[in-house]
Amino acid sequence: MKIGLKQFWGKNWCQKNIQKPLVAFHAYLGAQEIHQSVLPLAIMSSGDNKQSQAVAKPSFSEAQACVLVESVFGLKVSKIRPLPSYDDQNFHVCISRTKDIPDGPTEYVLKINNTEASKTPDLIEVQSHIIMFLRATGFPTASVCRTKGDSITSLMSLDSGSETKNFLVRLLTYLPGKPIAEIPISPQLLYNIGKLAAKLDKTLEKFQHPRLSSLRRESFIWNLKNVPLLEKYIHALGQNRNRKIVEQVIQLFREEVETKLSDFRECINHGDLNDHNILVEPSTSASEDAAYQVSGILDFDDMSYGYYVFEVAITIMYMMIESQDPISVGGHVLAGFESIIPLTAVERGALYLLVCSRFCQSLVIAAYSCQLHPENQEYIMITAKTGWKHLQQMFDMGQKAVEKIWFETAKSYESKISM
Numbered sequence: 001m002k003i004g005l006k007q008f009w010g011k012n013w014c015q016k017n018i019q020k021p022l023v024a025f026h027a028y029l030g031a032q033e034i035h036q037s038v039l040p041l042a043i044m045s046s047g048d049n050k051q052s053q054a055v056a057k058p059s060f061s062e063a064q065a066c067v068l069v070e071s072v073f074g075l076k077v078s079k080i081r082p083l084p085s086y087d088d089q090n091f092h093v094c095i096s097r098t099k100d101i102p103d104g105p106t107e108y109v110l111k112i113n114n115t116e117a118s119k120t121p122d123l124i125e126v127q128s129h130i131i132m133f134l135r136a137t138g139f140p141t142a143s144v145c146r147t148k149g150d151s152i153t154s155l156m157s158l159d160s161g162s163e164t165k166n167f168l169v170r171l172l173t174y175l176p177g178k179p180i181a182e183i184p185i186s187p188q189l190l191y192n193i194g195k196l197a198a199k200l201d202k203t204l205e206k207f208q209h210p211r212l213s214s215l216r217r218e219s220f221i222w223n224l225k226n227v228p229l230l231e232k233y234i235h236a237l238g239q240n241r242n243r244k245i246v247e248q249v250i251q252l253f254r255e256e257v258e259t260k261l262s263d264f265r266e267c268i269n270h271g272d273l274n275d276h277n278i279l280v281e282p283s284t285s286a287s288e289d290a291a292y293q294v295s296g297i298l299d300f301d302d303m304s305y306g307y308y309v310f311e312v313a314i315t316i317m318y319m320m321i322e323s324q325d326p327i328s329v330g331g332h333v334l335a336g337f338e339s340i341i342p343l344t345a346v347e348r349g350a351l352y353l354l355v356c357s358r359f360c361q362s363l364v365i366a367a368y369s370c371q372l373h374p375e376n377q378e379y380i381m382i383t384a385k386t387g388w389k390h391l392q393q394m395f396d397m398g399q400k401a402v403e404k405i406w407f408e409t410a411k412s413y414e415s416k417i418s419m
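In the UniProt record's numbering, the protein residues as written are 1 to 419.
Quick look at the structure:
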């Protein structure tokens, strides 16, 4: 459903204010002007174009977000607060019970996509249907709230006079739990997360949608096969050892990964199972050794076609970030993943370099983004706080030494499973 100013505010309001629609929009809400942050397309989570262009990150006030929820989804907002986001805008929304809505969820996440992502409604529709599909098959994903027009997304158009900016809007149920970044992660929980990643990829083999091809995001910067695209942004690192490591990783990637892609097994990847996108709560299972169990999987915006080995590599890298013993993490995650999907010898042989490559993607893009938006440094640089240290440690140890730890740890689970 496309929502222009006339549809959004109603015919009478628009007739009074049509001469200056955006100014009137601000005045109506009594809110500050919508400022636009400019980010390069190549580092946007939704961007697939090879050309670097400017796109607008939404920056709606809480009052404006309240009006969106009430007008588009028909829910009365009682409380709202902003949530951190890399290139879109998210709000935690609490709603009030009414006689028309006496039951159901009371907490939601309002997602407002940036202007570039909003140009790919097919992709966002597929991602939304995947969230619903996974929930229906037992995964702890959100529910997608339908609009008053019975759609899962709504395109809001704002005319500033010189141009029209479009923002896709969605409302998802809020999931309970805390990010695993905030808890000490046990080996058992790492194993369970690896297992979860494999189950997710395996389950998505059954997913069907007429626009599934939208997940073939060939020049998507966050897809692991596009590591060489980092060369466009590596200047943000300056001249230091970090840059030299990244340059070596890119070269090794070209020589040892790109030549083997045809040997990897393809699948749909979540692509961002990081320590802030997996929620946990205290375990209620007497049979589990882990003190926590996964209660939520967030952020499907980076989904694309990839490979099984990409998913486990990305998961290992992010589970290392807050670990006191980061090198040991990989073996536990790998064991969990391989309990569902055993890797081939070729895939295992690429795992070390793929984990290094994901570190490089995250660290280079963060450094470049911080040059553009130093005001967002605290959120953008979460990975960098420990990421460079972990990447340097992996690089100094070398592939054989790291693999020995990972593969021996993974093998130790075989005897546990057979007992």
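All residues carry an ideal CB built from backbone N, CA and C; glycine is no exception.
As the structure is a computational prediction, the values presented were derived from the model and not from experiment.
Under 8 Å between the Cβ atoms of residue i and residue j?
i           : j    : result
Y108        : V126 : no
I112        : F73  : no
residue 484 : L171 : As shown, the chain starts at 1 and ends at 419. That puts residue 484 outside it, with no answer to give.
I321        : T386 : yes
I95         : S71  : no
F359        : L391 : yes
I193        : G306 : no
I185        : M319 : yes
I183        : V312 : no
Q371        : A236 : yes
V329        : L134 : no
E403        : Y368 : no
V364        : I234 : yes
A290        : Q208 : no
A366        : A384 : yes
W388        : N242 : yes
Tell me whether residue i sits in a helix, a strand or coil according to DSSP, three-state version.
i           : result
F220        : coil
Q371        : helix
N242        : helix
R348        : helix
R211        : coil
R358        : helix
K195        : helix
T409        : helix
E116        : coil
P187        : helix
K178        : strand
P82         : strand
A401        : helix
M44         : In this prediction, M44 has a pLDDT of 49, which is less than 50 and means its spatial position is unreliable; nothing more can be read from the coordinates.
L68         : helix
N226        : helix
Q363        : Here residue 363 is Leu; the residue named in the question, Gln, does not match the sequence. The answer is helix: DSSP assigns L363 an H, G or I state.
residue 488 : Here the chain comprises residues numbered 1 to 419, so residue 488 is not present and cannot be evaluated.
K232        : helix
K148        : coil
Using a Cβ-Cβ cutoff of less than 8 Å, which residues in the same chain neighbour residue i once the five nearest sequence positions on both sides are dropped?
i    : result
T284 : Q293
M397 : I327
N90  : P82, L83, P84, V109, L110, K111, I112
Write down the C-beta distance between residue i and residue j rounded to the nearest angstrom, noting that I regard them as a contact closer than 8 Å.
i    : j    : result
I314 : I405 : Rounded, the Cβ-Cβ distance is 19 Å, inconsistent with contact.
K206 : I340 : No, K206 and I340 are not in contact; Cβ-Cβ is about 14 Å, not under 8 Å.
E347 : Y308 : 7 Å
S85  : L175 : At roughly 16 Å, the Cβ-Cβ gap does not stay under 8 Å, so S85 and L175 are not in contact.
F310 : L354 : 7 Å
G331 : A401 : Rounded, the Cβ-Cβ distance is 13 Å, inconsistent with contact.
C267 : L204 : 7 Å
S157 : T164 : 5 Å
P179 : D275 : 6 Å
Taking the beta strand (DSSP E) that residue i belongs to, which residues open and close that run?
i    : result
V294 : 292-297
Q89  : 89-95
I278 : 278-282
T173 : 164-173
How far does the alpha helix (DSSP H) with residue i in it extend, from its first residue to its last?
i    : result
V309 : 308-320
R135 : 121-136
H270 : From DSSP, H270 is part of no alpha helix (DSSP H); its letter is neither H nor E.
K389 : 384-397
L334 : 326-338
In chain order, what residues of the same chain have a beta carbon less than 6 Å from the beta carbon of residue i, not counting five sequence neighbours either side?
i           : result
residue 441 : It is not possible to answer for residue 441, since the shown part of the chain is limited to 1 through 419.
P105        : T173
L123        : S214
G177        : L279, V280, E281, S295, G296
E414        : none
A181        : D275, H276, E322
Tell me which residues share the same chain as residue i and place their Cβ nearer than 7 Å to its Cβ, disregarding the 5 neighbours each side in the sequence.
i    : result
G30  : With a pLDDT of only 30 at G30, under 50, the local geometry of the prediction cannot be trusted, and the value read off the model is given with reservation. Correct list, in chain order: A63.
A197 : L273, E311, V312, T315, F337
H270 : L200, F300, M303, E311
S357 : L224, V227, V249, F253
K76  : E70, I95, S96, T98
D263 : V346
S128 : V144, I152, T153, R170
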